[in-house]
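As structure tokens, the structure follows; a few thoughts come after it.
Residue numbers (my numbering), protein chains in the order written: chain A, 23 to 114; chain B, 603 to 1091.
Right, dumping it as structure tokens:
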């Protein structure tokens, strides 16, 4: 299968150089050609796996467990100002 | 001492023959002497290690010993730790310091363990050889030109060379068991949902599970006992999971009457002849110990790698979308706009294998392809699970090779991603089915270690530990150590 690697890369928000795209294209095609063997399997009526043990999703009480840790959690941000994350201008 | 098991070191500590500080210093000296060759550790703070050891000795003197008091345990760079960097061996997390400990790290600390640094791994655990690490390839102590397996290759190499008596790894498609096999140590992946994933950097959330890498089966049980259990902050840990007596499971050391299933699909062409001979010899030994070998079939085994390479990359592409360079992680210089910031930061931060998997997953989940790939793979996953369910109606446990080949040469499989993917052919189905699996040494081929894999029904790690400890008691493969790192055993 021919894949438009640059289109997929844009969906994944990864910039690729033309050389990278040229290298990746046949690799992705060979991976997908390999997984295409799944298409031949009869899965009519088979339930897709959602959780390996069919466990239900447990709920916990909606309470604060670890308090306000904003400073610690923001300490790893690339760019901050007054406790806000700074990104390039979005709206002119 | 360096090649002692965790439980032997525990006995010496309990008897007052040594101290946590002495033990820590011994392994720090070995790391200083050998890590440059092996590149098993990517971060180590010797002073911090000795500080923990001193605190442990003080705790023992004042309040008595906890379950892992004073025992050194290294952890893969995928576990968030408040002390030191957590980088997942990726440039996108270079110099990242986690603001909290992973749940299992908290549990190890509460049990008194001394955490000895971060071990090398494939970037984001994506790989089978530890060659995709952003911090350089890790080497196999049995042959320095060869890979230690992956993705938990640093943990495996460190334990095999006795730079630490034990380590934690994670296993998404075999990343504990395959490197354990290739370096001649024991590694266990618990049942999915047994151990909390909180604070473990996510790769494929429906498959990832943490577990021990050790010198003996009992050591694996000791560590699992300390880290397992429901975590209210990880809803995939199962609250009503059957409880086990982990240490008692290793005491029986008897497999009389045990029905061991031998699936023909795991002994196929492409398997190394000497590996096959070692595993078959191990099975004969089990028979001599009173077990009954039963030929079984797991008919969908050949589809496991294909299903995995849809499911794991799909989940990875979703999980790794969080690296947007806004809240944490690498950001490119002088972004022109938001899109440029995302695309360039991610290009610069991710290595080629991680990009390959993100793109594979993005494609599989993209509009128009979901049913053909992800949904189909999840249906095939159900069929693979049903194979195991049916097999366990007839047998107690399943035994297979852990890997069809021994450790390969560095660079041997890096050109063709698909060849690398196929090296996990014996371990992946266990993750897809959420089952517990254990690899232990069972011989040598081409003078390199061979691993025997045990697979049990969900929540029956006691069966794994029982079978493996009985085999271990009757053999001495686990006592072999790589000559270049030898010394007193």
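Beta carbons: idealized from backbone N, C-alpha and C, even for Gly. All values reported here derive from a predicted model rather than from experimental measurement.
Per DSSP, the unbroken beta strand (DSSP E) holding residue 1046(B) starts and ends at 1039-1047.
Under a 10 Å Cβ-count criterion, residue 90(A) is classified as exposed, with fewer than 16 other Cβ atoms of the shown protein chains found around its own Cβ. For residue 86(A), no Cβ of chain B is located within less than 8 Å of the residue's own Cβ.
In the pairwise beta carbon analysis, the segment 780-799 of chain B is classified as touching the segment 816-823 of chain B: at least three pairs are separated by under 8 Å. With respect to the 8 Å criterion, residue 984(B) and residue 70(A) are classified as neighbours on the basis of their beta carbons. The bridge partners DSSP lists for residue 901(B) come to none.
An exposed status is given to residue 746(B), since fewer than 16 other beta-carbon atoms sit within 10 Å of its beta-carbon. DSSP places residue 862(B) in the strand class (E or B) of the three-state scheme. The alpha-carbon separation between residue 951(B) and residue 692(B) amounts to approximately 7 Å. In the DSSP assignment, residue 745(B) is bridged to 742(B). Taking a Cβ-Cβ threshold of 9 Å, the residues of chain A close to residue 939(B) are 110, 111, 112, in chain order.
Contact between the segment 896-910 of chain B and the segment 968-982 of chain B is established, with three or more Cβ pairs separated by less than 8 Å.
For residue 877(B), the nearest beta carbon of chain A is not closer than 8 Å to its own beta carbon.
Beta-bridge annotation (DSSP): residue 1055(B) is paired with 1002(B), 1041(B). By the Cβ neighbour-count rule, residue 872(B) is exposed, with fewer than 16 other Cβ atoms within 10 Å of its own.
Using beta-carbon distances, residue 949(B) counts as an interface residue toward chain A, with a partner under 8 Å. Counting only unbroken stretches of 3 or more residues, no beta strand (DSSP E) element lies wholly within the segment 941-992 of chain B.
Among the residues of chain A, those whose CB is under 9 Å from the CB of residue 987(B) are 71, 74, following chain order. Of the candidates 812(B), 966(B), 808(B), 731(B), the residue whose Cα lies closest to the Cα of residue 780(B) is 731(B). Straight-line spacing of the CA atoms in residue 795(B) and residue 921(B) works out to 18 Å.
Boundaries of the beta strand (DSSP E) around residue 675(B): 674-678.
Considering only beta carbons, the part of the segment 893-916 of chain B lying closer than 7 Å to chain A consists of 905, 908, 909, 911, 912, in chain order. Here residue 809(B) is actually not in contact with residue 756(B); their C-beta atoms are around 20 Å apart, not less than 8 Å.
C-alpha of residue 715(B) to C-alpha of residue 63(A): approximately 48 Å in a straight line.
The C-beta of residue 80(A) comes closer than 8 Å to at least one C-beta of chain B. Along the segment 788-852 of chain B, the beta strand (DSSP E) occurs as fully enclosed runs of 3 or more residues at 788-791, 812-816, listed in sequence order. Around the beta-carbon of residue 1063(B), 16 or more other beta-carbon atoms lie within 10 Å, marking it buried. For residue 895(B), DSSP records a beta bridge to 862(B). Think of a sphere of 7 Å around the beta carbon of residue 49(A): the chain B residues whose beta carbon falls inside it are 958, 1019, in chain order.
Where residue 29(A) is concerned, the enclosing alpha helix (DSSP H) starts and stops at 27-33.
For residue 92(A), no chain B residue has a Cβ inside 9 Å of its Cβ, as the nearest lies near 10 Å away. The beta-carbon of residue 928(B) is placed less than 8 Å from the nearest beta-carbon of chain A. Note that the C-beta distance between residue 608(B) and residue 743(B) is not below 8 Å. DSSP places residue 775(B) in the coil class of the three-state scheme, outside both helix and strand. If you check the CB distance, residue 807(B) and residue 833(B) do not come in under 8 Å. Within the model, the alpha-carbon separation for residue 642(B) versus residue 707(B) is close to 19 Å.
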